[in-house]
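In this text, residue positions in the sequence shown follow our numbering: the first is 48, and each later residue adds one.
Glycine residues also receive a C-beta, built at the ideal position from the N, C-alpha and C atoms.
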Amino acid sequence: MRMVDLIELKKNHGEFNEKQIQFIIDGYVKGDIPDYQVSALLMAICFTGLTTQETVLLTKAMAYSGEIMDFSQIDGVLVDKHSTGGVGDKTTLIIAPMVAACGAKIVKMSGRGLGHTGGTLDKLESIPGYCVFKKHKEIIDQVNEIGIALIGQTDDLVPADKKLYALRDVTGTVSCMPLIASSIMSKKIASGADTILLDVKYGQGAFMKTREEAIQLANLMIEIGKRCQKDTCAIISDMNQPLGKAIGNTLEVIEAIDTLRGNGPEDLEELCLEIASEMLLQAKLFTDKKKAVQALKNVIDQGEAYKKFKQVVIAQGGDVSYIENPRRFRRGSVMIKLASKKAGYIKKLDARILGIVTMKLGGGRLTKEDVIDHSVGIILNRKIGDHVQEDDILMVIYAHKKVEEEIITQLYQAIEIVEQKVEKPVYVEEILK
Ligand code: URA
Numbered sequence: 048m049r050m051v052d053l054i055e056l057k058k059n060h061g062e063f064n065e066k067q068i069q070f071i072i073d074g075y076v077k078g079d080i081p082d083y084q085v086s087a088l089l090m091a092i093c094f095t096g097l098t099t100q101e102t103v104l105l106t107k108a109m110a111y112s113g114e115i116m117d118f119s120q121i122d123g124v125l126v127d128k129h130s131t132g133g134v135g136d137k138t139t140l141i142i143a144p145m146v147a148a149c150g151a152k153i154v155k156m157s158g159r160g161l162g163h164t165g166g167t168l169d170k171l172e173s174i175p176g177y178c179v180f181k182k183h184k185e186i187i188d189q190v191n192e193i194g195i196a197l198i199g200q201t202d203d204l205v206p207a208d209k210k211l212y213a214l215r216d217v218t219g220t221v222s223c224m225p226l227i228a229s230s231i232m233s234k235k236i237a238s239g240a241d242t243i244l245l246d247v248k249y250g251q252g253a254f255m256k257t258r259e260e261a262i263q264l265a266n267l268m269i270e271i272g273k274r275c276q277k278d279t280c281a282i283i284s285d286m287n288q289p290l291g292k293a294i295g296n297t298l299e300v301i302e303a304i305d306t307l308r309g310n311g312p313e314d315l316e317e318l319c320l321e322i323a324s325e326m327l328l329q330a331k332l333f334t335d336k337k338k339a340v341q342a343l344k345n346v347i348d349q350g351e352a353y354k355k356f357k358q359v360v361i362a363q364g365g366d367v368s369y370i371e372n373p374r375r376f377r378r379g380s381v382m383i384k385l386a387s388k389k390a391g392y393i394k395k396l397d398a399r400i401l402g403i404v405t406m407k408l409g410g411g412r413l414t415k416e417d418v419i420d421h422s423v424g425i426i427l428n429r430k431i432g433d434h435v436q437e438d439d440i441l442m443v444i445y446a447h448k449k450v451e452e453e454i455i456t457q458l459y460q461a462i463e464i465v466e467q468k469v470e471k472p473v474y475v476e477e478i479l480k
């Protein structure tokens, strides 16, 4: 088989079989097929697409390019979730302890943030001492004991995706639906859980700009999950504005703690309850959605979810005194308040711009090698649909150095205020199974 023939085949709208896909993935991971040929193939895929069958075969070949996690020694149903990424998305820190407090088992393997989107690993690492890497046996023991582990992906988890994603990032081939679906699902399949809940986001701060595209991506990933014998379902949610009020690693951990203690922002709490209740249904711990939601509200009200979060922080070496007293967390020492220039209703609060500003403050990475500052970020005082008076504080920026005028201008560009009343957006649009 020759790679050049496979590039030609795809360029001419041909369909790959299993052997051809295996040849490409094996050859690329081993280093036998060079980047320039894979780049050409990725671009051909962007223009001509992959069939569902090809996408399933690609996902499987990628998943099996490295280690498949074996968590069969964990007692009970192992649930997992994935968010397609966004700004202010700290749901894992809330949902994982909630479902564990209700009896589900969860090993959540997360990644780092890149560009305008944040990553759960960076958020966890803003807790002093927290260790995101653990040996396989330690993870199994921890989950059998306390029901939860929040860790990083190992180097050997889907090496094909690591190479392919890095190449897609520099060849303009990230935003291609079958490539996104196979990238996400290969990691989920290799992560070894029994069930997968996908939070597929759409809007300014998301990969998918429209609700229709998000539904298409969700359906494709559900189909891949089914064909890989994984119980998979998806929630479609809004990412036009950031989730919750906090953006930036430490600020988001503090907001997650508040939410676990029953004092979270409404949109964040609503999304967490939706996702977590679906996960409990998937785990067959409940058959009735309302009862699952009630059980989750109970573990918040009774402090069990908060206690579970403290247990996982302790088990992974974190200093729990920060969780008990969030004032201990270091925040950006330069505080800037952004005041409204007029009265009216907030119509736009562009998640992408706010994510980019947080990155520029030092809270995110432009390249994988960048070192981040956990303590910087933004607290939103108002969200879409809220009314403001002139001079009301719209948001507070936490930084460590003088914030340049250009950043302030950019922040004002993220906001649109209009005279007529604006309805609050629907946060959770749809559940697909
Ligand atoms: N997240 C992933 O893991 N992969 C993609 O391709 C896009 C988002």
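Does DSSP put residue i in a helix, in a strand, or in coil?
i: Tyr445; result: strand
i: Ile227; result: helix
i: Ala330; result: coil
i: Asp174; result: Asp is not the amino acid found at residue 174; the sequence shown has Ile there. If DSSP states are grouped into helix, strand and coil, Ile174 belongs with coil.
i: Asp285; result: strand
i: Met50; result: helix
i: Asp335; result: coil
i: Tyr392; result: strand
i: Lys418; result: In the sequence under discussion, the amino acid at residue 418 is Val, which differs from the Lys named in the question. It is coil, neither helix nor strand.
i: Asp169; result: helix
i: Ser387; result: coil
i: Gly61; result: coil
i: Ser222; result: coil
i: Glu477; result: strand
i: Glu463; result: strand
i: Ser86; result: helix
i: Gly350; result: coil
i: Thr106; result: helix
i: Ile431; result: coil
i: Leu307; result: helix
i: Leu413; result: coil
i: Asp438; result: coil
i: Thr98; result: coil
i: Ile121; result: coil
i: Ile115; result: coil
i: Gly133; result: coil
i: Ile80; result: coil
i: Leu267; result: helix
i: Leu318; result: helix
i: Arg377; result: coil
i: Gly150; result: coil
i: Ile312; result: Per the sequence shown, residue 312 should be read as Pro rather than Ile. Looking at Pro312 - three-state DSSP - the assignment turns out to be coil, as it is neither helix nor strand.
i: Val300; result: helix
Per DSSP, which one or two residues make a beta bridge with residue i?
i: Glu260; result: Looking at the DSSP assignment, Glu260 forms no beta bridge with any residue, so it has no partner.
i: Asp127; result: Ile243
i: Met382; result: Tyr445
i: Leu197; result: Lys155
i: Tyr249; result: Met255 and Asp285
i: Thr279; result: Ile243
i: Ile403; result: Paired residues: none, contrary to the question.
i: Gly424; result: Tyr445
i: Ile294; result: Ile425
i: Thr164; result: Leu161
Under 8 Å by Cβ, that's how I've got residue i and residue j pegged, so tell me the actual separation to the nearest angstrom.
i: Gly493; j: Gln200; result: Look at the range of the chain in this structure, 48 to 480, and you will see that residue 493 is not part of it.
i: Gly364; j: Tyr177; result: 6 Å
i: Cys319; j: Leu479; result: About 18 Å; that fails the 8 Å criterion.
i: Ile282; j: Ile236; result: In fact, because the Cβ distance is near 19 Å, the residues do not count as touching under 8 Å.
i: Met50; j: Ile80; result: 5 Å
i: Gly113; j: Asp203; result: 4 Å
i: Gly481; j: Gly411; result: The shown model of the chain, from 48 to 480, leaves out residue 481, and the question about it has no answer.
Using 8 Å as the limit for Cβ to Cβ distance, is residue i near chain E?
i: Lys415; result: Absent from the structure is chain E; it holds one protein chain and no more.
Examine the ligand GTP and report whether any of its heavy atoms sits within less than 7 Å of the Cβ of residue i.
i: Ala108; result: Looking for the ligand GTP in the displayed structure turns up nothing; the ligands present are the ligand URA.
What is the chain-ordered set of residues for which the beta carbon lies under 5 Å from any non-hydrogen atom of the ligand URA? Ile227, Ser230 and Ile231
Hey, is the segment 115-130 in contact with the segment 293-300, meaning 3+ C-beta pairs nearer than 8 Å? no
Do the segment 243-256 and the segment 322-331 touch if we need at least three Cβ pairs shorter than 8 Å? yes
The segment 260-276 touching the segment 136-155, judged by at least three CB pairs closer than 8 Å: no
Touch test, the segment 209-224 against the segment 304-313, Cβ-Cβ under 8 Å, three pairs minimum: no
Determine, using beta-carbon pairs with one atom in the segment 421-441 and one in the segment 380-390, whether at least three such pairs fall under 8 Å. yes
Check whether the segment 313-322 touches the segment 469-480, counting contact only when three or more Cβ pairs, one atom from each stretch, lie closer than 8 Å. yes
Could you say if the segment 225-238 and the segment 101-116 meet the contact criterion of at least three C-beta pairs nearer than 8 Å? yes
Determine, using beta-carbon pairs with one atom in the segment 96-106 and one in the segment 263-271, whether at least three such pairs fall under 8 Å. yes
Assess, as a yes-or-no matter, whether the segment 447-454 is touched by the segment 330-344 under the definition of 3 or more beta carbon pairs within less than 8 Å. no
Sufficient close CB pairs (3 or more, under 8 Å) joining the segment 367-387 to the segment 419-438: yes
How do the segment 356-371 and the segment 186-198 stand: do at least 3 beta-carbon pairs fall below 8 Å, yes or no? yes
Could you say if the segment 149-166 and the segment 131-138 meet the contact criterion of at least three C-beta pairs nearer than 8 Å? yes
With contact counted as at least three CB pairs below 8 Å, one residue from each stretch, are the segment 251-259 and the segment 277-289 in contact? yes
Would you check if there are 3 or more beta carbon pairs closer than 8 Å linking the segment 396-409 to the segment 340-348? no
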